[in-house]
Structure formats: C-alpha cells, structure tokens
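Trainee: Mind having a look at this structure? Questions to follow.
Protein chains: 4
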Amino acid sequence: MPTLDAILPRLTDEMRADPDWGAVATYIPELAGVDPEQFGISVVLADGTCHSAGDCDTQFSVQSITKVFTLAIALGRSGDQLWERVGREPSGRAFNSIVQLEQEQGRPRNPFINAGAIVTTDEVLGTRAPRDALAEIVQFVRHAAGTDDIHINETVAASENAYGHRNYALAHFLASFGNLLNAPELTLGTYFHHCAIEMTTKQLAMAGRFLVDAPALPRMISPQRIRRLNALMMTCGHYDGSGDFAYRVGLPGKSGVGGGILAIVPNVASIAVWSPGLNRYGNSLKGTKALAILAREMSWSVF
Amino acid sequence: MPTLDAILPRLTDEMRADPDWGAVATYIPELAGVDPEQFGISVVLADGTCHSAGDCDTQFSVQSITKVFTLAIALGRSGDQLWERVGREPSGRAFNSIVQLEQEQGRPRNPFINAGAIVTTDEVLGTRAPRDALAEIVQFVRHAAGTDDIHINETVAASENAYGHRNYALAHFLASFGNLLNAPELTLGTYFHHCAIEMTTKQLAMAGRFLVDAPALPRMISPQRIRRLNALMMTCGHYDGSGDFAYRVGLPGKSGVGGGILAIVPNVASIAVWSPGLNRYGNSLKGTKALAILAREMSWSVF
Amino acid sequence: MPTLDAILPRLTDEMRADPDWGAVATYIPELAGVDPEQFGISVVLADGTCHSAGDCDTQFSVQSITKVFTLAIALGRSGDQLWERVGREPSGRAFNSIVQLEQEQGRPRNPFINAGAIVTTDEVLGTRAPRDALAEIVQFVRHAAGTDDIHINETVAASENAYGHRNYALAHFLASFGNLLNAPELTLGTYFHHCAIEMTTKQLAMAGRFLVDAPALPRMISPQRIRRLNALMMTCGHYDGSGDFAYRVGLPGKSGVGGGILAIVPNVASIAVWSPGLNRYGNSLKGTKALAILAREMSWSVF
Amino acid sequence: MPTLDAILPRLTDEMRADPDWGAVATYIPELAGVDPEQFGISVVLADGTCHSAGDCDTQFSVQSITKVFTLAIALGRSGDQLWERVGREPSGRAFNSIVQLEQEQGRPRNPFINAGAIVTTDEVLGTRAPRDALAEIVQFVRHAAGTDDIHINETVAASENAYGHRNYALAHFLASFGNLLNAPELTLGTYFHHCAIEMTTKQLAMAGRFLVDAPALPRMISPQRIRRLNALMMTCGHYDGSGDFAYRVGLPGKSGVGGGILAIVPNVASIAVWSPGLNRYGNSLKGTKALAILAREMSWSVF
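Protein chains in written order, with the numbering used here: chain A, 9 to 311; chain B, 9 to 311; chain C, 9 to 311; chain D, 9 to 311.
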C-alpha cells in the first residue's frame, strides 16, 4: 500500500489540476469572498501522527462541522433525552427545509440539518448565558484539537445573523411547537457563533481524533457514543447528499458550507479536507472527490 | 470475547422471553397468518462456518430482502447507467410513498423503496420474458446460498398481485414519467414473484456471503460493488428507520416485511435473522433488537 | 347595454386577431393534432335563445367538462353520501397530482380534479356494466342539450386509455385506500369514455341550461343542487387556476383540456366557449380571456 | 318572503338553542377567555338600513377579517403590482402552513392566509412608520363603518406578539426569499395591531358596506375592485374551509379566529355574524350555520 505521505501531495496536485472548482457559498459576504481555488487536506492516524498537503494551514469557516461537536456536548449533558427533541433519520430534504418540520410537528429529522442543530444548540445552551455555552463549545473543540489557537470569527457570526432569516424562521417555527427552551435570538446567537469557528485542516483533523476510537488518541466520549456519532454522520452528515457520499466515499463524515469536511475512519484515522467550492448538495466538490480517491487508495471504506 | 455458539442460543432465549413480539404484516393473508412467536438467527463467518439458533430451518417470505439481489443483478447488467433511473439517497418517507415520486419527476430516491425496486426489477427484466428474468434471479440467489432448495411461493406472489394496488399505482406513475421499459403488469409480475422467494435464516445467511468480501467466501461481484451495495444498505436498507438502524446496530442491512433481515459485517460475517412481528417502520422488531445486541457483544459495528 | 349579437362577433374577431393562441394538449395524438387557431362561443339566455359566433358548429372533445354532468348524476344517485368519498375543497395542486391523495388518505379534495372525478365516475358506475353507465351519462347530456347528435369519440377514449398511466396510478391509489368500488380498468374505461364526448359550443351551451335555474329552461335537478354545483365550479372548476378565473371572470365554470369552458351566469345564461390552446393551468387561453371580456361587458359577474 | 326583522331574532333563538357552541381559539389568553355562548348578527341592506339581533353590540376581536380592509388599501396603493408578491389561489392548506411557502419560493398563495396577509400588510406599511400605516387602516375601517368608536385592543396585539412564533417564522421565511420590505418585527407589529381591531357586528356590517356596490351605500373603491375582492373572499376567505363555505352558504365572506364573519350579498347586503366558538377549519361554527340558513331563507346565494 502506498504511504499517506506519497498519496496526499499527489492527490493535492490532482485536485489542483482539475479546472472545476465548484461554486462558493454566497449567502454571506465573508463566504462569497473566499478564493475558490484552494485545497488542503490533513490526516491524523491512530498513532497520532499528522500528515498534510496543500492549503492545510489556512483557517476556514468550519460552519456545520461544529454540529458534530455540539451534538457530542449535548449528548454528554442530556443523554438520550435529546432524542425526544430531535430524530435520527436522514431528511430527504435540503439542509434548511422547513417543510418536514411542519409535517413532523416541530421535531427535526436529525441533528445535522439546520433545524436539528438549532435544537441541539438550544440543549447545550440550557439555562446559561450564550457566552458560557460558547465558552464550553470552544473549549471542547480546542481540547479535542490540542491547541488554543481556535477562535470564533465574530464578523462571520454577525453576517450569519444579519442574513439569517431562514434560520430565524426555523427557530421561531420550533418555538411555535414548544421545541425551543430559549428565545430564538439567544439560541440562534449561540448557533451562529459556534458555526463561525475557524480551523485549518490540520486543526480539524486533530479535533476529529476523539471520534476515531484508538488507544493513542484522546478519549473524550465513550466508545458506544463514538460509534453512534459516526453512524449519524454516515446517514445524515451530508444533507441530501448523504447517500451519495456513503456510496462514493464509504466513510462517516460531516460537511460545512465553508467547504470543509471531517471524515472518520473508525479506529484508523481522522481526515479533514477543505476546498471552498461546493457541489449541488452544498458539500465541498473537491473535498468529496478527494475523499473518494483517498478512501479507495487506502482501502478505508467502512464497508 | 464470547463465542458465537454461546451467544446465539442465549440471544434466542432472551428474544423468546420478551413478550412483545410486534405485529405481523396483514396486507396479504399469507403474511397475516404467520405465527408471530418465532425467532431464528444464522451467522456465516468469513471462514465459511455457519452458526444458528432458534427457528433457523423455517422458510419465510424474504420479501424486500430480494431487492439487494436484484440490485446486484441490475448493476451487473447495466452498470452505473442504472443510476439515471433511480437515486441513491434515503427517502425520509414510508416505503410505499408516492409523494416523493411526484416531487422528483418519476425518479425514485433509491433502489430499496418500492418504487426504486420496481425500476430495478424493470431493468433486470429488460426485453426478456418475466420467467427468464425470474430464472436468473432465483439462480443468482441459489448460487449465492449454495443450494437449490430455494423457491418462489406462487400463492404469495398471487396474493401480492391481488392486493397490489399501491404497487400498481407506483408502476403506472413511473410509466407516466417514462421510467418503465415494460408494461406495469409485466414488471410487477416479476417484482411480486421475486419478493415471494422463501428462505430459512440459514439459507439467507449463506446467500449473503457474496456481500462479505472474504477470501473463503464465494465472490460474485467486485469488491468495489460490494462496498457500494453495503453503503446503500446502510443508508437506505430499512426505509424510514434506516437512521435508527445505523445508530442502534451499526451494520448495513436490508429488511423485509416478512420479518427477515440480512445484515453484513464487512469482511467478517453475513447475518440473517427472522421474527415475523414488525416495528412501526415495518422492520422486524425482534430481529432489530437481536442484531443490536449481537453487534454490541461481538463488537461488529462498522463504526 | 350592447346586445349579445353585437358583442359575440366582435369578441370573436378580437380573439382571432390575438396572435397568442396558447398550446394545445399533447398527451394524446387526437388532441395534439387539433388546429389551435380556432375560436367559438355560444350563449343560451334565460329566454332559451341561443347566440353564437366563430367556430360554434365544430365538435371538440369536452374532456373534463363532463365531470359536471357525472357529478350531477352521481349526486342524483347517491345524494350527500358521495361526500364521504370525495371532498369539496380547492386542491391547490395540479389536476393530476397524487401528492394530496396520499396526504388525505385516498379521499380526493374535490370532484373536478382527476382523482375526484374517477371516484364520481365509480359512483355513477355502481354495480352496472360500463356501457350501461355510459348510456345514462350520454343520455343525460343529450337530454340537457336537447339533441341526440352527441357522441363519444371511441378513438379518443382508446388513446386516453393507452396513454393513461397517470390516471391508472390515481385509480390504483384510490383502490389501495378502499375508495374504488370497481376494478380500476372498469372505472377508468367509463371515465375515459365520458371524457371523450364531443360537442359544439352550441350543444355545450344548450347542455349547460340545467345549471342556470330559469323558468324557461329545462329543469333536471333541484335549485339547491344547482347552486351547489355552481359553487363547486366556482371554487374548483379550473384546477389550480380557479382563484384566478374567479378573480378575472367572476363566474362558475368548468374547463376541459380540449379547450372548452362551460360557464354559468346564475338565472341568466349558459355560456360555452372553445379554443384549443391552453394556458399554464391547462385551461383554454382564449376561452378564459373571452369570458373575462364578455362578463365585464355584460356585467355578468356573480359578484 | 319573510322580512329580515322576523328572521334575525328567530335565527338567533335557533342558534342559542343549539348546544354545540364549538371551541374558542386558545392560542392567546384574550381569546381563550371569551365566553363561547354568544351570538350576534347584523345586516345592512342596500337601502342603508341596519337590522340586528342577539349580541350585536358586543365588541369582539375581528382578527383576520381586517385582511379584507388591508387588501383593499394595498390594492389602492400598489394596484396589480401587489400580485407579484402574492397569488390569488386557494391554498389547500391550513391558514398558517409554511409548507406551501417553501414550495412556491416565498410567494404566498393568496392574501388571506397568514403569509399573504403579512405581505399585504408589508405593502401597506411601505416605508412608513407602523403607527402611520395603522392610522390609515383604522381610519379606513372607521370611515367604512361610519363611526369613530372602533379601536385596536393593545392587550390583544401584545399577546399576539408574545405568542406569535408561527407568524414570526412566516415573516422571516418571506424575508429569506426577499419578499418583505420591512424588518419582520415592524411588519408583524403592524399586522398584529390591525388584527386586534375590535368591532360589534353592527359596526362590522356597516364597515362591509363598501363591498356591496349599491348606490345608497358609501363607495370607497371601484366596482371592478369590489367584484374582485368578493371573488377572493369566495375562493379563499375561509382558509381550507372555503370550498365548504361556498357550497353551503354561497356568498363571499371572510372569517376571523375571534368568531366573526363578514359576508357580502353583492348589490344587496353586508352581513356580520359573530359567535366565538370555531369549527375544525378555524371559522365560526354558529356563524357559518347561521349564514347558511339566512342565505337560504333570503335566497341570497350568488349562485
């Protein structure tokens, strides 16, 4: 088998040579202004070594990828009670659809679509002030990544809020069904801020170590919970492109609209890839391609 | 780790002691009349040995489980062209929903919901007579299982046809969008017949060997296709309970309304479980429970 | 006020001068082959006089307009029991949508969308042979129109059947919910045949007299039922363009995909207009325009 | 024909004798606390005379009935441009459904469902301060009713805002599609306030005179616009019970969740009825019954 250190630079070259970079998200200026022609990838193996190539030191907005971390925190705080407020099924809909929320009486289908992540954030927030909840989230991510150099981009958070009518609609809709503990603006404030965390692929791959379940990597949650988070990432991690991702890549993963994807090879590796251009599902175009190739070359499919 | 031969009888006893057997399917008399208080399980390991307990020699109607076999055949005949006619995404709907089919202009979400399996069957049928297509399907299953003692129950097939208005609606709907090569009654005749195949859990576990990808087991399709079939089983194999099954069991699987489930531990084992009573998603109640316990005790989650 | 005999020829000239004829229905060859550049109009006043202009002696396929006649017959046979099988609300959907039928558990929203008209036809059919039901329907229409020169076009009926997958889907779907008394092919055979009745605008305007409620016109149903049929035509008579028709024309009416529209001015007149080209709702483009002008010039809005 | 002064007291007695009063709206305390056992009715004829019976001097919250007045104002301000922002079709959905809004890309189906009325209010608001828009609305209503004794109940408006998550969801959803000129809280503040206008049936029947189109009654809008408003009330005025209302009553009308209904007999009369208990569509139970009886006895159906 070829080594990672041989594969990653070659994969990066291949990705950079491909002229189709996809289209960056445009709903906020901070994302719309990102240069699409960037690609970075980092892999942390079970032995703790980190292997990278490309733009692996550039921080990007991780966006929805934080939903994995807040879900882990929410489950740590509330356990299986969380599932009374949110389901565990793929949605068969766009990430910001409100249709299903009406059909299912205010209980989001899963914690990775926006409505579900708002509920999860609300559970993490509890009765605290948003800054206290955000401090816990950032601390969790920093601890997972093993570095304090991870921050919230306040400008991005402010833009999310300014252009966040769809999320406000979801939050008020949840509230109308009694599925929000806090005022929409408080929960959304927390939500917009944790989505505005920035990381490099190196940092994100490191932060994903707690989902690998390997003796040499940090343990932050139980093995059973690790398996379950990975199961959710597999079935729901890429919105309405989850089936396609499972089919092509075969790994649990979670994408963000900033172009990042965190993918896990259980017991083996944590992978972070980033390229800002998106495919039609809203997932990184080249990130998905690169993961498909890497998984095939390394025989890393879980299947 | 305890051995399978110790676990399976204990698991069977535990399942039989549980008073909640679920409810058998009632839409055709042949299924409605099955005694719900039955439970059987069989596991074929990578070394080819078969381990069973409970009602493992009773034949039952495998129903939708044959969708895995017909999908394998269809991909063998048509390759990726099949995906022009059917998608690969979880549906977020009941197995027989027609709503999504209208929204998506006659292209079913995946090959395991009824509409998608009708398209797959239509692809397998091609321009042949139904009996020729059925002969290939039965032969494929027998070859996979290593036995000729596997048959179609003609009474079940006739009942499916007699009570099959919903499937006729789906087939005509597909035809109205030009997504059916054959007349609805021909494709449905083929579909109803292959769903009426009967097997024991021993036979079904044996038939599932081709999805395990192990040197000592029969190879009928390429390793890449094995992985992809398993990916589809993981994200779509249990209808609108697929996310829950992935969360609780962590294995790719395919259920049938007759109460059977085929689950795969990649590279390790093929598992068939059967108990006729269903849960609210239409999947075997005790089959799902047993698989969750077995996967946990054997550490067989793919995650 | 100008007289009808002055208005109708002028209106016809105006319609013929308008270059946008809309697009004829294309789902069966018999409709697809109709010359779109035709326009005819006929008005029967409360005194029984008939006034016409344009292509008023050309027979066309009345299609869904027969739904008004079959509904009148069904109510005559079954009274308000019919409403247990079909609703009275606008659908907010296309005429052949199956989505709402799933949401409402097999009870069509109203008798003028296809699913509802299939149920109505099924009620008219009852336990009779289709030819007996069809004889009653044709007899009813002939009696209403005061002529025996009204026939079913068998070629159109055969084409409807050959291209009728969507309606077969609806019928089987209804059957799957137990809302069909007869086999789908029997009810649909009856349905396709009565939709294939052909009339001229003169005949259709005459046939509409029984909905006017005027002493000098034939009485076939009670005044209360007349009002109720008109109410249904107002709220549901033009599929998802019913609100627009009410807004622009202000009269109860029923359109057919052959380009005909029957409109009623309660106590005053029966109007039939025909032009084969359709608007985006599937209603006659020029027929709707002409009715809007006529209603305004004659002050014939019910509002 | 019996006279109104004979019919109205008898009708009131009949309504009061009926033990089924329906259920009052409970989503805000001010409506939940209303005594359901009240019934009042007022009719203003074309000659300007007002005839009443029952609780015709009790002010109640007119709620959605104000949507007719704000629509008249919006059309006066913007003309047909309004229809670029909102449709004219019955919705086939509950008054507060958000599903259709997603399907139709943020353009509400009609101005009488909540989403549509929010858009209409936004159009009336324009670039003004809410208090200026409200002053115009209240002035319009007072002028129509011929009295200054009509006010906004500030407590009701405050409650609507406090319990208004569903409407906030709709407003933010509209904003996310760019179909809101003002900040959601400004438009909703205006909306909640005009819905909190209180009137007696006498005042409401008087206020409805401008929709009758009779020489002796005040003219505030053109005859054509009167007809069109009445058409909209007919097809969309009672949410998903509009077809049923047209079928049973046969008059254009607009209901409010406070239990009031305004119905118009074109050229003949303006009718206001009030009874706080609602039917399953959210329309006054006894108000609808009373209107059906009155329309039949007076032969007031438009059909």
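The C-beta atom is built at its ideal place from N, Cα and C for all residues, glycine as well.
Compile a chain-ordered list of the residues in the stretch 251-265 of chain C whose CB is closer than 7 Å to at least one CB of chain D.
Mentor: Of all residues in the stretch 251-265 of chain C, 251, 252, 254, 255, 258 and 260 have a Cβ within less than 7 Å of some Cβ in chain D.
Trainee: Between C:122, C:198 and C:33, which has its C-alpha nearest residue 293 of chain C's C-alpha?
Mentor: The residue with the shortest Cα to Cα distance from residue 293 of chain C is C:33.
Trainee: Closer than 8 Å is the cut-off here; do at least three beta carbon pairs connect the stretch 106-118 of chain A with the stretch 82-90 of chain A?
Mentor: Judged by Cβ distances under 8 Å, the stretch 106-118 of chain A makes no contact with the stretch 82-90 of chain A, as fewer than three pairs qualify.
Trainee: Does DSSP put residue 64 of chain B in a helix, a strand or coil?
Mentor: Looking at residue 64 of chain B - three-state DSSP - the assignment turns out to be coil, as it is neither helix nor strand.
Trainee: Mind listing the chain C neighbours of residue 242 of chain D? Cutoff is C-beta to C-beta under 8 Å, in chain order.
Mentor: Within chain C, the residues near residue 242 of chain D are 242, 243, 254 and 311.
Trainee: Mark residue 11 of chain C as exposed unless 16 or more other C-beta atoms lie within 10 angstroms of its C-beta, in which case mark it buried.
Mentor: When all chains shown are included, residue 11 of chain C counts as exposed.
Trainee: Alpha carbon to alpha carbon, how far is residue 276 of chain B from residue 236 of chain B?
Mentor: Distance between the alpha carbons of residue 276 of chain B and residue 236 of chain B is about 17 Å.
Trainee: If you pair each beta-carbon of the stretch 121-129 of chain C with each one of the stretch 178-198 of chain C, do three or more pairs fall below 8 Å?
Mentor: Verdict: yes, contact present.
Trainee: Look at the Cβ atom of residue 280 of chain D, then the Cβ atom of residue 49 of chain D, and state whether they are nearer than 9 Å.
Mentor: Contact: yes.
Trainee: Please name the residue or residues paired with residue 282 of chain C in a DSSP beta bridge.
Mentor: Partner(s): C:48 and C:268.
Trainee: Helix, strand or coil, according to DSSP, for residue 53 of chain B in the structure here?
Mentor: Of the three classes helix, strand and coil, the one that applies to residue 53 of chain B here is strand, per DSSP.
Trainee: Of all the residues that make up the stretch 162-184 of chain A, which are near chain D by a beta-carbon distance shorter than 9 Å?
Mentor: Residues passing the 9 Å Cβ filter: 171, 172, 173, 174, 175, 176, 177, 178, 179, 180, 181, 182, 183 and 184.
Trainee: Thinking residue 272 of chain B and residue 220 of chain B are a contact (beta carbons under 8 Å), I'd like their distance in whole angstroms, please.
Mentor: Going by Cβ atoms, the distance from residue 272 of chain B to residue 220 of chain B rounds to 6 Å, so yes, they are a contact pair.
Trainee: Counting only the same chain and skipping the five closest in sequence on each side, list residues whose C-beta sits under 6 Å from that of residue 231 of chain D.
Mentor: So the qualifying residues of the chain are 221.
Trainee: What do you get for residue 37 of chain D, buried or exposed, if any count of 16 or more other CB atoms within 10 angstroms of its CB means buried?
Mentor: Burial call: exposed.
Trainee: Does the beta carbon of residue 226 of chain D come closer than 9 Å to any beta carbon on chain C?
Mentor: No, its Cβ sits nowhere closer than 9 Å to a Cβ of chain C.
Trainee: Going by C-alpha to C-alpha distance, which of A:192, A:71, A:153 and A:173 sits closest to residue 170 of chain D?
Mentor: Checked all of A:192, A:71, A:153 and A:173; the closest Cα to residue 170 of chain D is A:192.
Trainee: Grouping DSSP H, G and I as helix and E and B as strand, with all else coil, what is residue 250 of chain A?
Mentor: It is helical.
Trainee: What are the residues of the stretch 89-110 of chain B that lie near chain A, defined by any Cβ-Cβ distance shorter than 8 Å?
Mentor: For the stretch 89-110 of chain B, which is checked against every Cβ of chain A, the residues closer than 8 Å are 95, 96, 97, 98, 99, 100, 101 and 108.
Trainee: Cutting at 8 Å between CB atoms, please list the residues of its own chain near residue 26 of chain C, excluding the five before and the five after it.
Mentor: Excluding positions up to five away in sequence, the list reads 294 and 297.
Trainee: Would you please state the rounded distance, in angstroms, between the beta carbons of residue 161 of chain A and residue 206 of chain A? I believe it to be under 8 Å.
Mentor: Residue 161 of chain A to residue 206 of chain A, Cβ: 5 Å. Contact.
Trainee: Going along chain B, which residues have a C-beta under 9 Å from residue 274 of chain A?
Mentor: The contacting residues are 309, 310 and 311.
Trainee: Going by the beta-carbon positions, is the gap between residue 198 of chain A and residue 141 of chain A smaller than 9 Å?
Mentor: Contact flag set, yes.
Trainee: With distances taken between CB atoms, is the gap from residue 301 of chain D to residue 274 of chain D smaller than 9 Å?
Mentor: No, the pair does not count as a contact, with Cβ atoms beyond the cut-off.
Trainee: Buried or exposed: which applies to residue 154 of chain A, given that a residue is buried once 16 or more other Cβ atoms fall within 10 Å of its Cβ?
Mentor: Exposed, since its Cβ has fewer than 16 Cβ neighbours within 10 Å.
Trainee: Considering only the alpha carbon of each residue, which of D:63, D:102, D:56 and D:97 lies closest to residue 20 of chain D?
Mentor: Cα-wise, what sits closest to residue 20 of chain D is D:63.
Trainee: Measure the beta-carbon distance from residue 78 of chain D to residue 128 of chain D and round it to whole angstroms, keeping in mind my assumption that it falls under 8 Å.
Mentor: Going by Cβ atoms, the distance from residue 78 of chain D to residue 128 of chain D rounds to 5 Å, so yes, they are a contact pair.
Trainee: Quick check: is the beta carbon of residue 190 of chain A nearer than 9 Å to any beta carbon in chain F?
Mentor: The displayed structure is made up of protein chains A, B, C and D, and chain F is not among them.
Trainee: Since I believe residue 266 of chain D is in contact with residue 71 of chain D (beta carbons under 8 Å), could you give me their beta-carbon distance rounded to a whole number of angstroms?
Mentor: Going by Cβ atoms, the distance from residue 71 of chain D to residue 266 of chain D rounds to 5 Å, so yes, they are a contact pair.
Trainee: Can you list, in chain order, the residues of its chain whose CB lies under 7 Å from that of residue 211 of chain D, leaving out five sequence neighbours each side?
Mentor: 153, 155 and 158, listed in sequence order.
Trainee: Rounding to the nearest angstrom, what Cα-Cα distance links residue 138 of chain A and residue 209 of chain A in this structure?
Mentor: Using only the alpha carbons, I get a separation of about 27 Å.
Trainee: Could you name the residues that DSSP lists as bridge partners for residue 262 of chain D?
Mentor: Partner(s): D:270.
Trainee: Assuming residue 259 of chain B and residue 299 of chain B are in contact, meaning their beta carbons sit under 8 Å apart, how far apart are those beta carbons, in whole angstroms?
Mentor: Correct: roughly 7 Å between the Cβ atoms.
Trainee: Applying the 10 Å Cβ sphere with the 16-neighbour rule, what's the burial state of residue 13 of chain D?
Mentor: Its Cβ having fewer than 16 others within 10 Å, residue 13 of chain D is exposed.
Trainee: Kindly provide the ranges of any alpha helix (DSSP H) runs that are 4 or more residues long and lie completely inside the stretch 117-150 of chain B, ordered along the chain.
Mentor: Runs found: 122-133.
Trainee: Determine the chain C residues that contact residue 236 of chain D at a beta-carbon separation under 7 Å, and present them in chain order.
Mentor: Ordered by position in chain C, the residues that pass the 7 Å Cβ test against residue 236 of chain D are 255.
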